[in-house]
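Asker: Structure incoming, see below.
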Amino acid sequence: MNGQLTDGLAERLHEAEDLVRRTTAELARLDEPDERDTADARRRAEAARSGSLGPDWQRVQQRIDGGRTTLSDVFSGTDTSPEAQRLVGRSRAVLTEARADAQDDPTGMTATVLRDMDELRERLRDVVTGRRS
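Under UniProt numbering, the first residue of the sequence shown is numbered 1, with each subsequent residue one higher.
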């Protein structure tokens with residue numbers, strides 16, 4: 001009986017170790033930037049550099065490239081430069097329009113996306129202001 005207890009305990013210990021390994025691997029995978037997000041960010045940065053997103057984006061991107069600001073600084077309001085403020089203002093206008101459109105969305109999908117965006121914006125603000133890490 002004692003041998004069975006030891007065998008059962010050893011098996012449960014191995015299962016727990018396996019669970020910890022799988023969980024650790026999954027957390028590491030989730031911490032890695034998504035390749036699509038990275039590619040999208042690269043494309044956006046290139047478009048901004050070239051001026052195809054407009055002069056405000058081009059100036060902001062030059063400042064990002066020079067290490068004088070970040071996208072987080074721009075959209076959290078930390079960067080108070082005129083071009084950053086205009087980008088934030090345009091983003092707010094687009095979100096306001098999208099909210100109005102969401103009321104006419106019979107599927108509710110737009111509202112779901114907007115709620116997700118609000119949550120991400122709040123999380124970003126919390127990280128930038130040091131309320132959460």
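Even glycine gets a Cβ: it sits at the ideal position worked out from N, Cα and C.
Let me know the secondary structure DSSP gives residue 133 once reduced to three states.
Answerer: At residue 133 the pLDDT is 46, less than 50, meaning the model places this residue with poor confidence and gives no usable figure here.
Asker: One question on the structure: do residue 58 and residue 66 come within less than 7 Å of each other, judged by their Cβ atoms?
Answerer: No, the Cβ-Cβ distance between residue 58 and residue 66 is not below 7 Å.
Asker: How would you write the range of the alpha helix (DSSP H) that residue 81 sits in, first residue to last?
Answerer: Looking at the DSSP string, residue 81 is not in any alpha helix (DSSP H), and its letter there is neither H nor E.
Asker: Round the Cβ separation of residue 60 and residue 95 to the nearest angstrom and send it over; I've been treating them as touching at under 8 Å.
Answerer: Not confirmed; about 18 Å, so no contact.
Asker: Kindly give me the distance between the Cβ atoms of residue 53 and residue 64, rounded to whole angstroms, as I take these residues to be in contact under 8 Å.
Answerer: No, residue 53 and residue 64 are not in contact; Cβ-Cβ is about 13 Å, not under 8 Å.
Asker: Among the residues of its own chain, which have a CB less than 8 Å from the CB of residue 91, if the five just before and after it don't count?
Answerer: Cβ within range, chain order: 75.
Asker: Taking the C-alpha atoms as reference points, what is the distance between residue 133 and residue 13?
Answerer: Confidence in residue 133 is poor, its pLDDT being 46 and thus under 50, which makes the residue's placement unreliable; the coordinate value appears in the next sentence. Residue 133 and residue 13: Cα-Cα distance of roughly 32 Å.
Asker: Counting only beta-carbon separations shorter than 7 Å, does residue 59 have a partner in chain E?
Answerer: The displayed structure is made up of one protein chain only, and chain E is not part of it.
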